[in-house]
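Reading through the structure tokens given below for one structure.
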Amino acid sequence: MPSLNNLFGFLQDWISGKLSGFLPPWGVTLAMMVITIVALLLFLVVTVMYLTYLERKVLARIADRLGPNRAGPLGIAQPVADVLKLIVKEVIVPARADVPVYFLAPVVMVAPALLPYAVLPFGPRMVPADISVAVLFVPAVTSITTLALLMAGWGSGNKFSLLGGLRAVAQKVSYSIPLLLAFLAVVLVSGSLSLVRIVEAQASYPFLLAQPLGFIIALICCVAEVNRSPFDIPEAESELVAGYHTEYSGVGFAMFFLAEYIGMFTVSAMLAILYLGGWHGPLLPPYIWFLIKVYLILCVMFWLRGTFPRVRVDQLMNLSWKVLLPLSMVNVAVVALVDKLGLRLGFLPGLVAGLVVMAVAAAVLRTRRRARAAAAARPAWQVREA
Amino acid sequence: MVGTGLLKGLWVTLRHVVETYRQDWHKFPRRYRREPVAVQEQSLTGLFTVQYPEERLRMFPRFHGHLIQKRDPETGLYNCTACKACERACPHGVISVEGERNPDRESKKKMLVTRFTWDAGRCLYCGLCVEACPSDALDWGQGYELAVDRREELVFDFERLLKLGEHAT
Ligand code: SF4
Ligand code: SF4
């Protein structure tokens, strides 16, 4: 099993060993970088193709359907057909488009979506660059896509696109804050900003147990960050046609699509690394465990999409600023307190504190909702008197 | 509790997913290899998808698919007596019947049908002809794959209706 557990490490050693025969050391490093990048890109493109397939299958099952089933056995060739169709489609530039911005937007969208893979650890030794501030790096580079969404909305010269872009910016900015606060709690628990260190710190128990509240906040924020249903208001079909990518066809649209699904994979990987213990798991090789956890979270995202209707803009903002932000602050405060007291009780204090906070928050929300309902039920003349 | 509605919704969708697999289990390899499955029963839970050319739904008895001409199961003779009741009942003039006296006086069949045509292309599928038939000859069949290449083929003659009747029963 050691060879299987460390397959990629061995491959790396083997290839660099072969290369060092005829290349100077800097050449080997360069070649290894190129090989890693190409391998990651291939992996990502194939993953995205089949994520669309998986998503359609899961959504179909939720709706009592079978999903794609015509192209190839089980519809397995459907993503290939979709990609071919998108590539051969004509690229139409709207008459009122701001052309340079219009064409730059998809590129600005895809490039930062790829950057997090430089630091995401797929397994021990399976991380291209183990930088010491990876927890900050990933949200930092992925938030550049916000700019791309605004560029796409502006460049299209279309009011629906512009509205979609503006909504996207508002949403991403609002949800980044509770997301980062939730991540901060994990950083406090593990004592490191490096993703590899954080995974290594979860050898005995995944941080999901110590951070139940943090996980829920992070999950909600991640779904909102990548504009997935029920938070897909930047591309709400019934209101904005297709939001910021209304005017894109062919390859431009394909790039947005690619970036969106890579983004989904990224946030799922982040959640798996920070809360589910990354590559840790019995029996199977580490990278398999990592992928299982990532796909689990992806399936939960599909599940959410198949279940919930889209929220309104005001509900979206209320959820972020009035519920998630205070909760994540309380979460960080509790974690910091436990850390300061130096209790060595494993995940127990975190778990108990998280559950208590959740219960209190639910109770508060409930009384407020009751009060609102009572106010709404009161006849108008009573309200005037009061 | 806040959030129970959300959990309830998730539970509903999860149940639907599980249900689609549970119902599908006994069709497992066949259905997914898209091999012909002759007919499929309708169900209220589980998968609704019918992979049409390979799978077909069995239609319910009152389904108006196409007309058929029935035979007496004992004698094998057709029931139609060329009484033209269906022709008169048809609001669209779609059926036309012609008959003659059976030259064989001993036979039980007093009237022979010489010509019976039903133009499916102009039929309303109202069923008044079936209601009108006094001899339990005309009835509905449940077939639904009636597309043809030429318009003339939409006119069904007596032989064809009798044949459809044999398949239907
Ligand atoms: S179904 Fe109605 S329209 Fe068609 S043949 Fe019978 S009576 Fe005429
Ligand atoms: S089908 Fe029925 S109604 Fe029509 S001619 Fe024959 S016996 Fe009479």
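Just so you know, the sequences run in chain order W and Y.
So for the first sequence, our numbering puts the first residue at 272; every next one is plus one.
So for the second sequence, our numbering puts the first residue at 105; every next one is plus one.
By construction, the Cβ of each residue, glycine as well, lies at the ideal position given by its N, Cα and C atoms.
Can you tell me where the alpha helix (DSSP H) holding residue i begins and where it ends?
| i | result |
| --- | --- |
| residue 353/W | 349–359 |
| residue 286/W | 278–291 |
| residue 240/Y | That residue, residue 240/Y, is in no alpha helix (DSSP H); it is neither H nor E in DSSP. |
| residue 260/Y | Counting along the chain, residue 260/Y falls outside any alpha helix (DSSP H), though it belongs to the beta strand (DSSP E) covering 259–261. |
| residue 363/W | Where residue 363/W is concerned, there is no enclosing alpha helix (DSSP H), given that its DSSP letter is neither H nor E. |
| residue 539/W | 521–546 |
| residue 586/W | 584–589 |
| residue 565/W | 557–578 |
| residue 252/Y | No alpha helix (DSSP H) holds residue 252/Y; DSSP gives it neither H nor E. |
| residue 297/W | 296–333 |
| residue 190/Y | 189–193 |
| residue 608/W | 596–612 |
| residue 466/W | 466–472 |
| residue 554/W | Element bounds for residue 554/W: n/a, residue is neither H nor E. |
| residue 345/W | Where residue 345/W is concerned, there is no enclosing alpha helix (DSSP H), given that its DSSP letter is neither H nor E. |
| residue 148/Y | Per DSSP, residue 148/Y belongs to no alpha helix (DSSP H) and is neither H nor E. |
List the residues of chain A that residue i touches, going by C-beta distances under 8 Å, in chain order.
| i | result |
| --- | --- |
| residue 589/W | Checking the listed chains, one finds no chain A in this structure; the protein chains it contains are W and Y. |
Would you mind reading off the limits of the beta strand (DSSP E) that contains residue i?
| i | result |
| --- | --- |
| residue 403/W | Unbroken run through residue 403/W: none, as it is neither H nor E. |
| residue 215/Y | 215–223 |
| residue 172/Y | 170–173 |
| residue 202/Y | 199–205 |
What three-state label does DSSP hand residue i in the structure shown?
| i | result |
| --- | --- |
| residue 178/Y | coil |
| residue 159/Y | strand |
| residue 454/W | helix |
| residue 388/W | helix |
| residue 272/W | Legend: pLDDT at residue 272/W = 47, less than 50; position of this residue unreliable, no value from coordinates given. |
| residue 432/W | helix |
| residue 218/W | Nothing in the structure corresponds to residue 218/W, since chain W is present only between 272 and 657. |
| residue 394/W | coil |
| residue 316/Y | With chain Y represented from 105 up to 273, any question about residue 316/Y goes unanswered, as that position is not in the structure. |
| residue 122/Y | helix |
| residue 340/W | coil |
| residue 657/W | Note on residue 657/W: pLDDT 46, under 50, position unreliable in the model; no value is reported. |
| residue 183/Y | coil |
| residue 229/Y | coil |
| residue 413/W | helix |
| residue 208/Y | coil |
| residue 506/W | helix |
| residue 271/Y | helix |
| residue 516/W | helix |
| residue 165/Y | coil |
| residue 462/W | coil |
| residue 128/Y | helix |
Does chain W have any CB closer than 8 Å to the CB of residue i?
| i | result |
| --- | --- |
| residue 161/Y | no |
| residue 185/Y | no |
| residue 152/Y | yes |
| residue 107/Y | yes |
| residue 155/Y | yes |
Would you decide whether residue i is buried or exposed? Buried here means 16 or more other CB atoms lie within 10 Å of its CB.
| i | result |
| --- | --- |
| residue 314/W | exposed |
| residue 243/Y | buried |
| residue 387/W | buried |
| residue 296/W | exposed |
| residue 363/W | exposed |
| residue 277/W | buried |
| residue 525/W | buried |
| residue 152/Y | exposed |
| residue 170/Y | buried |
| residue 405/W | buried |
| residue 537/W | buried |
| residue 240/Y | exposed |
| residue 626/W | exposed |
| residue 115/Y | exposed |
| residue 157/Y | exposed |
| residue 310/W | exposed |
| residue 231/W | Chain W is shown from 272 up to 657; residue 231/W falls before or after that span and cannot be answered. |
Give a yes or no on whether 8 Å exceeds the smallest Cβ distance from residue i to chain Y.
| i | result |
| --- | --- |
| residue 281/W | no |
| residue 633/W | yes |
| residue 643/W | no |
With a threshold of 7 Å, establish whether the CB of residue i neighbours any heavy atom of ligand 3.
| i | result |
| --- | --- |
| residue 501/W | What this structure holds is ligand 1 and ligand 2, not ligand 3. |
Taking Cβ-Cβ distances below 7 Å as the criterion, which residues of the region 324–345 of chain W are in contact with chain Y?
-> 332, 333, 335, 336, 337, 340, 344, 345
When Cβ atoms are compared, which residues of the region 567–580 of chain W fall closer than 8 Å to chain Y?
-> 574, 575, 577, 578, 579
Determine which residues of the region 113–129 of chain Y have a Cβ less than 8 Å from any Cβ of chain W, and write them out in chain order.
-> 113, 114, 116, 117, 118, 120, 121, 123, 124, 125
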